[in-house]
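Presented below is the structure to which this report refers.
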Amino acid sequence: MNKDRLTDKQKTAEPEFATRLIHFGSELCKQTGAASIPIYQASTFHHFDIHNPPEFDYSRSGNPTRQVLEEYIAALEGGCRGFAFSSGMAAISAAFFMLSAGDHVICTEDVYGGTYRLLTTILNRMNIETTFVDMTDLDQVKAALRPNTKAVYIETPSNPTLKITDIPAVATWAKSHGLLTMVDNTFMTPYHQKPVELGVDIVLHSATKFLGGHSDVLGGLAVVANEQLGTELKQIQNGLGNVLGVQDSWLLIRGMKTLQARMEASERGAIRLANWLTGRADVEKVYYPGLPNHPGRDIHEKQSRGYGAVVSFDVGSGDKAKRLLSRVRIPIVAVSLGAVESILSYPAMMSHAAMPREVRLERGITDGLVRYSVGLEAVEDIITDLEQALDTD
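In numbering that gives the first Met the number 0, the protein residues as written are 0 to 392.
This is the structure in structure tokens:
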């Protein structure tokens with residue numbers, strides 16, 4: 000028997016994720032067969048027949064390069080339709096603009112600082128209220144329900160303390176009350192986690208991070224679960240005009256093709272780093288879903304295929320954290336994450352600077368907390384570098 004012969008089931012099975020990253024349906028230029036999608040650097044498009052408007056007429060409303068990216072992320076997330084925005088916050092803002100004045104949102108308490116700022120300093124002025132809760136506790140989510148609640152916003156793993164929310168449990172409860180559900184899937188990406196398949200309505204990404212992967216593009220992506228939501232979000236995207244430019248769209252398409260290879264390599268390093276950090280007496284706490292003692296590990300493993308590449312840890316004080324940041328040699332000390340190079344961030348002064356200190360501390364985002372996004376460097380070098388930075392008096 001020929002061992003290479005495929006069975007009928009294998010012939011009809013959906014290709015593996017690594018294959019779909021490369022062969023996603025629009026990977027070739029339909030006009031020329033080019034292996035790289037052209038950059039349609041055009042603001043407007045000629046109407047050859049005034050009685051039959053063309054598919055594209057103005058790049059704010061639609062552009063061939065951006066459309067390929069939008070189809071790409073929708074296919075990877077298993078959603079109905081995708082949308083590309085000028086940044087992750089532009090995508091998140093567009094999703095929240097599906098709400099109206101007087102509506103109420105239930106949100107993960109230790110959410111990304113930019114999302115917190117949007118909800119507490121901009122949307123609140125539009126009479127959209129938010130209750131922040133510990134979403135590791137479903138009872139707290141349920142207790143936050145009000146007559147005017149319209150949406151539940153989930154970040155899992157949360158940023159930066161990597162708390163885990165049971166996505167199917169929250170989504171099922173929300174659906175029973177007619178609530179819109181949104182998940183920020185930036186940390187996990189569709190390689191590890193597919194919220195649409197878990198019952199979520201809208202999936203959001205800061206594509207600047209793992210999807211782009213090279214610290215050279217700013218972008219946001221959204222995927223909706225059904226056509227009605229797609230029609231609504233398209234209207235908002237077109238109305239606000241916060242679309243992703245064609246050059247950045249092309250860069251994201253290119254970057255996403257290597258997503259699995261990058262995620263797997265970075266995750267291997269993150270697991271090694273997290274385990275090493277737990278053995279350090281000068282590290283008070285380590286946050287990583289892959290650690291055996293992580294309180295949300297069991298739930299995370301049910302809804303995700305991996306643990307990701309972000310490790311947060313607390314060195315005990317702001318002074319120690321700043322000393323560490325000044326002494327590391329391998330990671331760049333910067334805002335952001337998810338790149339080929341390791342990035343060490345200080346949430347208190349970077350990603351969560353917009354959050355009042357007392358609020359940060361309530362959520363476990365202490366002055367001693369740092370967030371390490373593991374890149375593609377040799378993990379032995381990463382650990383050696385951190386060791387010298389922590390050991391130096």
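Even glycine gets a Cβ: it sits at the ideal position worked out from N, Cα and C.
Setting aside the 5 residues that flank it on each side, GLY113 is surrounded in the same chain by GLY87, MET88, ILE91, SER350 and ALA353, each with a C-beta closer than 8 Å to its C-beta; the list follows chain order. In the three-state reduction of the DSSP assignment, GLU340 falls in the coil class, being assigned neither a helical nor a strand state.
Counting along the chain, the unbroken alpha helix (DSSP H) around ASP297 starts and ends at 296-302. When C-alpha distances from ASP215 are compared across VAL309, PHE44, PHE95 and ALA206, the shortest belongs to ALA206.
Here ILE105 really is in contact with THR130; their C-beta atoms are around 5 Å apart, less than 8 Å. The residues ILE163 and ASP165, in chain order, have a CB closer than 7 Å to that of ILE298 in the same chain once the five nearest residues on each side in sequence are set aside. Taking 9 Å as the cut-off, the beta carbon of VAL310 is found closer than this to the beta carbon of ARG370. The three-state reading of DSSP puts HIS204 in strand, counting E and B together. Scanning its chain for C-beta atoms nearer than 6 Å, with the 5 sequence neighbours on each side dropped, one finds around GLY268 the residues VAL373 and VAL378, in chain order. Per DSSP, the continuous beta strand (DSSP E) segment holding MET181 begins and ends at 179-183. Close CB contacts of GLU154 within its chain, under the 7 Å cut and outside five residues either way in sequence, are with THR107, VAL110, TYR111 and ASP183 (chain order). Counting along the chain, ASP313 sits inside no alpha helix (DSSP H); it lies in the beta strand (DSSP E) bounded by residues 309-313. Its Cα nearest to that of TRP249, the residue GLN40 stands out among THR31, LEU258, GLN40 and ILE127. Between the alpha carbons of ILE38 and LEU27 lies a distance of about 13 Å. Non-local beta-carbon contacts of SER265 in its own chain, meaning distances under 7 Å to residues more than five positions away in sequence, involve ALA308, VAL373, GLY374 and LEU375 in chain order. For TYR306, no beta strand (DSSP E) encloses it, and the DSSP letter there is neither H nor E. In this structure ILE342 is buried. Its beta-carbon is surrounded by 16 or more other beta-carbon atoms within 10 angstroms.
With contacts defined as CB atoms closer than 9 Å, GLY367 and ALA320 qualify as a contacting pair. Classified as buried, GLN259 has 16 or more neighbouring CB atoms from the shown chains inside 10 Å of its CB. Annotation for ILE382: ARG271, LEU272 and TRP275 place their beta carbon closer than 8 Å to its own, counting only its chain and skipping 5 residues before and after.
With fewer than 16 other Cβ atoms from the protein chains shown falling within 10 Å of its own Cβ, THR43 counts as exposed. Using a Cβ-Cβ distance cut-off of 8 Å, the stretch 62-73 and the stretch 11-27 are in contact, since at least three pairs of beta carbons, one from each stretch, lie closer than that value.
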